[in-house]
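This report concerns only the one structure given below.
Laid out in structure tokens, this is it:
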């Protein structure tokens, strides 16, 4: 087996990476791309199908679906990446601290994550966003907060066993300070696990933002969001299913791609398989 | 040792619940907007609003409000909804039934599909059936609940017209109708759950199939069915038990989107409405109940683990 293993992520990881790359580029360049105005109603083409003028059709108000998907991607991708970054950085720091510094530090961190896990997530998100107002920043921070406990748990378990290993004990015996020990010795050993988990959580973040948009509490209209597009399309679901199905398909595709990349990454980085 | 462990765990659970209670209360106070204007209307005079605040106790200091609510909860009194005047504990009892039925049905569907499929796929690892099931689970994992719900509504309610898209009939009125109204939302939740359960159990079974005692059982000449069911399934079930428990606790009141979409009068929609109307007694009571169920199920799962796997019990 190890002899056949090729370097890199394998061929299967390329189509999803290309798709995500194209979508990110399009979202970044959305203002300069020759796209229709995402809020402009083409009254001659209400809920129209695919045409030369509207590549992915229009919604019930005659707004260009392709343009709305690309502009909606700006919200989805920023929230997905931002929330994952918040969860990963805060969760890794807290998880390492809980694993290395035992006693009350560990106890406080673990109880706080328990509280956050016990709190019904959607209600928490709705209440906090209701309190501070819906915006890309508030949605990102709330989802990021909800991601922290998962990262804490993913990080703490390997850190607990790492901190008993000889090389860590040796560093301690030589008088290395705890922050330096965490940064230089522990972090490199858990980074691959965090990275793999983060790729999957990016997909979850896109899904959660979609859910909030669907409930109407993500970034408010007229800014298009995928969840909002799916929710609006429900009004005409019986007559024009594509209005709902197109953004749904794009959302599912993004999450599938993130999961495939995450899967490949963990297969590539997990060396246990090679030893069997 | 065991008694001490149990006491510590129960103490931790109570501490977590107390923190949830404080957080919910604090969250309620920072929400902008006022229930008084929702009840009395925009044209209410300042005197009327002040009187409403006095009547509902909203003009008292926050700490005092929290303490009177908290001691009430300890006596089983969750207060009354300032919007409807209904006792929160009565409303919670009514709302718990649809949520509970929904989650039980979803878990049953998910396990009925995922367990046989996972065992079969692991046994036939790498074959067409395994690959198809893996692909399906991958796709389901990536599909958000609300998208699944919209698709199911489109197919079964709009196109075929065989199942109702919204509404709920209480169990004591017409059980068959209750089941019909819960079918689509339960399947929505079950599809997502089944994908997770399938992946976890398949990995577990693959791991178990490599064990020496499975080889021994095969060498004894047992049929594949006997080996899979009596030697492989039970040791592979442990991670699944945790997940089933966690999701049970998570989905009671956590299925907000599904409850909202199918217009089920469950705990999730009750809490959502309370956030929107700023009905604090309702919000605090519902969140505390949901968190209580979650913490309790977690505790039960941890203790069950020791029963299912004696090695864990002795390791402590």
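Residue numbers (this note's numbering), protein chains in the order written: chain A, 1 to 276; chain B, 1001 to 1316. Glycine residues also receive a C-beta, built at the ideal position from the N, C-alpha and C atoms. Quick caveat: nothing in here was measured; it's all calculated off a predicted structure.
To which residues of the same chain is residue i closer than 6 Å at the C-beta, ignoring the five residues directly before and after it?
i	result
residue 213/A	225, 227 and 228
residue 260/A	16
residue 1257/B	1145 and 1146
residue 1282/B	1081, 1088 and 1274
residue 1133/B	1117 and 1121
residue 1208/B	1232, 1235 and 1236
residue 1141/B	1195
residue 284/A	Chain A is shown only over 1 to 276; residue 284/A falls outside these bounds and no answer can be derived.
Could you pull the DSSP bridge partners for residue i from this structure?
i	result
residue 1286/B	None, per the DSSP bridge assignment.
residue 1080/B	1087/B
residue 64/A	58/A
Would residue i pass as an interface residue toward chain A - the criterion being a Cβ-Cβ separation below 8 Å?
i	result
residue 1091/B	no
residue 1320/B	It is not possible to answer for residue 1320/B, since the shown part of chain B is limited to 1001 through 1316.
residue 1109/B	no
residue 1012/B	yes
residue 1316/B	Low per-residue confidence applies at residue 1316/B: pLDDT is 42, beneath 50, and the placement is therefore not dependable, though the value from the model is reported in the following sentence. Judged by the 8 Å Cβ criterion, residue 1316/B is not in contact with chain A.
residue 1226/B	no
residue 1287/B	yes
residue 1086/B	no
residue 1241/B	no
residue 1078/B	no
residue 1144/B	yes
residue 1190/B	no
residue 1112/B	no
Which of the three DSSP states is assigned to residue i in this structure?
i	result
residue 58/A	strand
residue 1174/B	coil
residue 263/A	helix
residue 1059/B	coil
residue 161/A	helix
residue 223/A	coil
residue 148/A	helix
residue 1046/B	helix
residue 71/A	helix
residue 1230/B	helix
residue 309/A	Because chain A in this structure spans residues 1 to 276, residue 309/A falls outside the shown range and cannot be described.
residue 1094/B	helix
residue 1053/B	helix
residue 1131/B	helix
residue 1262/B	coil
residue 16/A	helix
residue 1168/B	coil
residue 1012/B	helix
residue 91/A	helix
residue 217/A	coil
Closer than 7 Å by C-beta to residue i: which residues in its own chain qualify, once you throw out the five before and the five after it? Chain order, please.
i	result
residue 1264/B	1098, 1102, 1168 and 1185
residue 43/A	62
residue 1065/B	1057
residue 1218/B	1227
residue 1095/B	1265, 1266, 1267 and 1270
Considering only residues of the same chain and omitting the five flanking positions on each side of residue i, which have a CB-CB separation below 8 Å?
i	result
residue 181/A	100, 168, 171 and 172
residue 221/A	228
residue 178/A	100 and 101
residue 1092/B	1078, 1267, 1270, 1285, 1286 and 1289
residue 1249/B	1293, 1294, 1295, 1296, 1297 and 1298
residue 253/A	19
Examine chain B for any beta-carbon lying closer than 8 Å to the beta-carbon of residue i, and answer yes or no.
i	result
residue 243/A	no
residue 19/A	no
residue 311/A	There is simply no residue 311/A to check, as chain A begins at 1 and stops at 276 in what is shown.
residue 114/A	yes
residue 248/A	yes
residue 201/A	no
residue 111/A	yes
residue 221/A	no
residue 229/A	no
residue 214/A	yes
residue 237/A	yes
residue 91/A	no
Any heavy atom of the ligand NAP closer than 7 Å to the beta-carbon of residue i?
i	result
residue 150/A	Among the components modelled here there is no ligand, and therefore nothing to report on the ligand NAP.
request  = Mind the definition here: the stretch 49-61 of chain A touches the stretch 127-140 of chain A only if three or more C-beta pairs lie below 8 Å; say whether that holds.
outcome  = no
inquiry  = Whether or not the stretch 1064-1075 of chain B and the stretch 1240-1254 of chain B are in contact is what I'm after, with contact meaning three or more pairs of Cβ atoms, one per stretch, closer than 8 Å; do they touch?
reply    = no
message = Taking 8 Å as the cut-off, does the stretch 1018-1033 of chain B touch the stretch 1280-1298 of chain B (at least 3 CB pairs, one atom from each stretch)?
response = yes
message = Taking 8 Å as the cut-off, does the stretch 83-94 of chain A touch the stretch 150-161 of chain A (at least 3 CB pairs, one atom from each stretch)?
response = yes
message = Below 8 Å, how does it come out for the stretch 115-126 of chain A and the stretch 64-82 of chain A: are there three or more Cβ pairs, yes or no?
response = no
message = I want to know whether the stretch 1150-1157 of chain B touches the stretch 1207-1227 of chain B - three or more CB-CB distances under 8 Å.
response = no
key: Interfacial residues, the stretch 1119-1145 of chain B to chain C, with Cβ spacing under 8 Å   = No chain C appears in the structure shown, which is made up of the protein chains A and B.
request  = Count the CB pairs spanning the stretch 1005-1020 of chain B and the stretch 261-270 of chain A that are closer than 8 Å, and state whether there are at least three.
outcome  = no
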